[in-house]
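Residue numbers (my numbering): 14 to 136.
Each remark here refers to the structure printed beneath this line.
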């Protein structure tokens with residue numbers, strides 16, 4: 014059993030999200046429930062500047078809804094950020110606009126636990 018570091022909710026292995034809060038390799042691992050992880054991920058857990066899209070200067074947002082973001086964090090070990098303009102094009106399924114925006118507007122994927130940079134397959 015784990016307790017969420019933010020709300021203290023009891024979590025089993027299938028509910029918990031383990032993360033170093035988008036920090037650096039070797040940082041302490043903390044345990045979050047889905048809701049608290051999402052809130053932390055929206056702001057980079059105060060550790061990482063998520064930043065703005067270099068093309069339009071809008072703050073990057075989570076690419077997926079809360080349920081999908083939590084699922085990807087737990088199962089894939091990633092959290093995805095995207096320019097709001099590009100996200101809107103994806104949501105509207107506007108292929109022409111997606112093609113126009115994809116090469117210019119930003120999308121980033123962060124690991125929820127930073128990998129060992131000395132491993133040969135890192136990066």
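Don't be surprised by glycine CBs; every beta carbon is placed ideally from N, CA and C.
Rounded C-alpha distance that separates residue i from residue j
i	j	result
residue 14	residue 26	7 angstroms
residue 72	residue 128	26 angstroms
residue 87	residue 28	8 angstroms
residue 53	residue 59	8 angstroms
residue 50	residue 104	23 angstroms
residue 67	residue 91	22 angstroms
residue 64	residue 100	16 angstroms
residue 23	residue 48	13 angstroms
residue 119	residue 79	20 angstroms
residue 18	residue 39	18 angstroms
residue 96	residue 108	16 angstroms
residue 31	residue 81	16 angstroms
Neighbour-count burial assignment, residue i, 16 or more Cβ in a 10 Å radius
i	result
residue 83	buried
residue 122	exposed
residue 138	Summary: the structure shown does not reach residue 138, with the chain confined to residues 14 through 136, and so no result is reported for it.
residue 93	buried
residue 43	buried
residue 132	exposed
Where residue i falls: helix, strand or coil (DSSP)
i	result
residue 77	coil
residue 120	strand
residue 67	coil
residue 19	coil
residue 3	Nothing can be reported for residue 3: it is not among the residues displayed for the chain, which extend from 14 to 136.
residue 126	coil
residue 132	coil
residue 24	strand
Own chain partners of residue i with C-beta closer than 7 angstroms, once the 5 adjacent residues on each side are dropped
i	result
residue 55	75
Beta-ladder partner(s) of residue i, from DSSP
i	result
residue 45	30
residue 93	122
Neighbourhood of residue i by C-beta distance below 6 angstroms, restricted to the same chain and skipping five residues each side
i	result
residue 61	35
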